[in-house]
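What follows is a short report on a single structure.
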Amino acid sequence: MKMSLTADESRTLYSLLAGGDHRPFSDILADFTSKIPRTRHFVACYSLLVLLEPKKLLRATQRLVGFSILHQTYSSQKSSFNPFISFIVNAASDEEAEKYERAFVFQLLATDTSSSGKEFLKQTASDYIKGFDPSLHAFPQLEQLQQQFCDKVQAQSFDCLLKDCSVRSVVPDPDVPLGCDADSAEFDLLPGVAPKLGSGERDKTLLGLLSNLSLQGSSPEWIRPLPPRLPIQNGELVWLNLDDHHELLWDHRMCVDTSRGAAVRDLIAKALKGPLIPAQQEQVVVELANDPKLVYHCGLTPRKLPELVENNPLIAVEVLKKLINSPEIAEYFTVLVNMDMSLHSMEVVNRLTTAVELPSEFIHMYITNCISSCEGIKGFKIFLRKRKQMGREGECGSAGGDNHEIKLTESVVMEKTKRYLEKLGDDASAIDVLPFRFYENFIMTGIRVDLIQPGRILCSLKVPARLLNENNSLHGGASASLVDCIGSAALKTLGATTTGVSLEINLSYLDAAYLDEEIEIDSKVLRMGKTIAVINVELRRKSNGKIIAQGRHTKYLAFSSKL
11 MKMSLTADES
21 RTLYSLLAGG
31 DHRPFSDILA
41 DFTSKIPRTR
51 HFVACYSLLV
61 LLEPKKLLRA
71 TQRLVGFSIL
81 HQTYSSQKSS
91 FNPFISFIVN
101 AASDEEAEKY
111 ERAFVFQLLA
121 TDTSSSGKEF
131 LKQTASDYIK
141 GFDPSLHAFP
151 QLEQLQQQFC
161 DKVQAQSFDC
171 LLKDCSVRSV
181 VPDPDVPLGC
191 DADSAEFDLL
201 PGVAPKLGSG
211 ERDKTLLGLL
221 SNLSLQGSSP
231 EWIRPLPPRL
241 PIQNGELVWL
251 NLDDHHELLW
261 DHRMCVDTSR
271 GAAVRDLIAK
281 ALKGPLIPAQ
291 QEQVVVELAN
301 DPKLVYHCGL
311 TPRKLPELVE
321 NNPLIAVEVL
331 KKLINSPEIA
341 EYFTVLVNMD
351 MSLHSMEVVN
361 RLTTAVELPS
371 EFIHMYITNC
381 ISSCEGIKGF
391 KIFLRKRKQM
401 GREGECGSAG
411 GDNHEIKLTE
421 SVVMEKTKRY
431 LEKLGDDASA
441 IDVLPFRFYE
451 NFIMTGIRVD
461 LIQPGRILCS
471 LKVPARLLNE
481 NNSLHGGASA
491 SLVDCIGSAA
501 LKTLGATTTG
511 VSLEINLSYL
521 DAAYLDEEIE
531 IDSKVLRMGK
541 TIAVINVELR
551 RKSNGKIIAQ
561 GRHTKYLAFS
571 SKL
């Protein structure tokens with residue numbers, strides 16, 4: 011903020027001071043508020059204060075206008091908050107000042123305590139002076155005014171030690187002899203006569219004074235000439251400005267074989283989009299085994315891990331095994347825990363637990379997420395309902411008009427469970443006469459082979475009514491039988507002379523298939539040795555490829571005896 015008035019502000023303020031002869035105080039105050047911005051009020055009032063301190067600088071009407079502006083500018087707040095209240099109170103109690111001026115200032119102060127005492131501001135300064143009657147006014151003492159309008163009373167006026175040394179705004183005219191009255195008529199400027207001593211234009215003087223007043227003061231300017239340069243000594247060091255010398259450097263990355271690892275990068279890029287054939291999977295495993303550092307240049311990032319797990323879980327296992335000592339392995343584990351639970355992600359974690367040592371907190375978090383995911387699966391809820399079925403059958407409704415629930419005794423529940431498991435009488439005899447291997451026909455009827463190749467069989471089946479459970483969805487036993495039968499048939503595509511015997515069938519149920527819904531059964535031989543074979547079988551919904559169940563079937567390939 012500028013600390014002095016501009017030329018326009020100075021002219022505006024002086025015109026307001028000069029209007030006291032013919033304009034009411036209220037109009038002058040309204041013009042002051044509208045023509046001078048609120049942010050410049052303090053600078054304008056401070057300039058008025060400088061003009062009001064000497065009693066002879068302004069005319070009587072101008073002084074009254076100046077006091078009215080100085081007080082009414084801050085009349086909307088408490089009088090003690092007015093930054094110029096001390097000067098106004100001192101002016102009201104100044105015995106050397108004119109009585110009409112003291113009375114006017116006291117009336118201004120009285121408007122702070124009475125809202126109806128502003129009628130005198132509707133007259134001009136000239137009219138106020140002409141109609142002033144000293145007998146109608148009382149003049150309080152300074153202490154009384156300070157107690158009423160100031161926060162604290164000063165025992166004596168404070169004079170700064172440097173006040174008398176400062177440059178005053180008004181100094182005696184050197185052209186007026188000492189002891190003479192400067193207002194004498196002999197010093198007036200007469201028409202057609204040369205100017206006398208002390209003559210001058212008061213308006214221009216006041217206008218120039220307003221334009222040059224500043225809150226920053228007029229401190230002397232420090233003159234700091236540059237010191238002379240010292241003579242250069244013979245042993246003095248000379249500053250050298252060296253020229254830049256550009257030298258070509260050989261780029262050792264040139265001619266380096268960038269094809270190293272290109273095959274693995276291409277295969278990983280394909281693995282992120284879809285399943286790789288067994289030959290491609292084997293190539294990735296061999297390349298990583300020969301050079302484990304290729305795992306850092308294969309293009310895999312933690313963000314891409316879920317795609318690799320879903321499309322090629324075996325490749326994901328090999329990559330994570332190579333990254334187990336990497337600083338980034340924690341990020342991969344975090345992604346693996348937070349990704350959607352699936353059989354492939356479970357397979358990856360299961361294989362990692364047997365191959366490397368995993369952090370215990372990772373295993374606990376993964377198990378917790380798996381349980382939470384299973385609780386939201388429809389098939390899992392059906393499985394829970396099956397387990398609770400016999401308990402529900404043990405409940406009975408209300409009898410007669412009573413609403414009390416009657417529970418069966420433990421012996422009755424045991425008897426119902428026994429009847430559920432045992433097939434007695436005619437049912438048992440009817441089952442005994444069924445033809446040999448009728449169960450395979452019962453399960454396999456309706457199977458259609460869509461794809462057959464070495465190590466893989468892809469079939470489709472429209473869920474028939476005979477394979478439904480009581481919830482009208484594909485029976486869990488039927489799913490297990492499909493895993494057994496079609497998984498064993500896949501061994502035949504690799505030339506197995508026998509399908510062997512089952513050592514282990516691990517089956518996970520993830521969803522349900524309903525009547526007339528078409529499903530796919532995808533059987534793949536993961537490994538077949540001389541005596542042991544492992545087959546993976548997936549049951550998927552054909553419409554969207556969502557996995558219904560997944561089984562892992564381990565078989566012992568027994569040889570027929572030569573005896």
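Numbering (this note's numbering), first residue to last: 11 to 573. Glycine is no exception: its CB is placed at the ideal position from the N, C-alpha and C atoms.
Buried or exposed (CB count within 10 angstroms, at least 16 for buried), residue i
i	result
K565	buried
K398	Because K398 sits at a pLDDT of 47, beneath the cut-off of 50, its placement in the model cannot be relied upon, and the point is left open.
K433	Residue confidence is low: K433 scores 47 on pLDDT, short of 50, so the model does not pin down where it sits. Its coordinate-derived value is still stated next. Exposed.
G510	buried
L74	buried
M538	buried
F35	buried
T378	exposed
L15	buried
Y24	buried
T134	buried
S533	buried
V159	In the sequence as presented, Val is not what sits at residue 159; that position holds Phe. F159 should be labelled buried.
H354	buried
Y306	exposed
N300	exposed
I242	exposed
L207	Since pLDDT at L207 reaches only 47, below the 50 mark, its modelled position is unreliable, and no value is offered.
V296	exposed
D18	exposed
S145	exposed
E450	exposed
Q72	buried
S370	exposed
Option nearest residue i by Cα separation, candidates the options
i	options	result
S20	L216, D41 and R112	L216
E530	L27, R466, L501 and L58	R466
D137	A70, W249, I95 and S14	A70
Q291	R361, T455, P316 and N322	N322
S470	N482, P464 and I457	I457
Y84	I339, M356 and F52	F52
S103	L62, Q154, Q72 and P93	Q154
V60	L80, T503, R50 and Y376	L80
F77	F114, S336 and Q463	F114
Y222	P316, L119, S355 and A54	For the sequence presented, residue 222 should be read as Asn rather than Tyr. Nearest of P316, L119, S355 and A54 to N222, Cα basis: A54.
D272	S90, C308, H147 and K214	This sequence places Ala at residue 272; Asp is not what is there. It is C308.
S383	T311, V99 and S352	S352
P472	T49, S489 and S336	First, the amino acid is wrong: residue 472 is Lys here, not Pro. For K472, the nearest C-alpha among the options comes from S489.
H9	R275, L504 and Q117	Given that the chain is displayed from residue 11 to residue 573, the structure contains no residue 9 and the question cannot be resolved.
K132	H32, K66, I453 and I515	H32
D521	G555, D143 and Q151	G555
I557	A326, M454, S518 and S483	S518
I462	K502, L252 and T311	K502
L567	L152, N516, R550 and G505	G505
P150	K128, N479 and V99	V99
K214	L68, I373, S370 and I339	L68
F97	L62, T507, N479 and L252	L62
Residue range of the unbroken alpha helix (DSSP H) whose run includes residue i
i	result
K332	P323 to K332
V511	No alpha helix (DSSP H) contains V511, which is instead part of the beta strand (DSSP E) from V511 to Y519.
K502	G486 to K502
G76	A70 to Q82
P288	P288 to N300
A17	A17 to A28
D37	F35 to K45
Q154	L152 to F159
V60	H51 to L62
K280	A272 to A281
Residue i, enclosing beta strand (DSSP E) - first and last residue
i	result
D350	Neither: D350 is in no beta strand (DSSP E) and is coded neither H nor E.
C469	R466 to K472
V459	R458 to Q463
Handout entry: Contact between the region 549-568 and the region 496-510 (3+ Cβ pairs under 8 angstroms)
Key = yes
Problem - Segments of 4+ residues assigned as alpha helix (DSSP H) that fall wholly inside the region 90-141 - result: 95-102, 109-120 and 135-140
Problem - Contact between the region 328-348 and the region 517-530 (3+ Cβ pairs under 8 angstroms) - result: no
Problem - Ordered list of beta strand (DSSP E) runs contained in the region 539-564, each at least 3 residues - result: 542-551
Exercise for the section: Check whether the region 37-48 touches the region 109-118, counting contact only when three or more Cβ pairs, one atom from each stretch, lie closer than 8 angstroms. Expected result: Taking 8 angstroms as the limit for Cβ pairs, the verdict is that the region 109-118 does not touch the region 37-48.
Practice task
Could you say if the region 306-323 and the region 284-298 meet the contact criterion of at least three C-beta pairs nearer than 8 angstroms?
Solution key: yes
Practice task
May I ask you to verify whether the region 477-497 touches the region 544-558, counting CB pairs closer than 8 angstroms and requiring at least 3?
Solution key: yes
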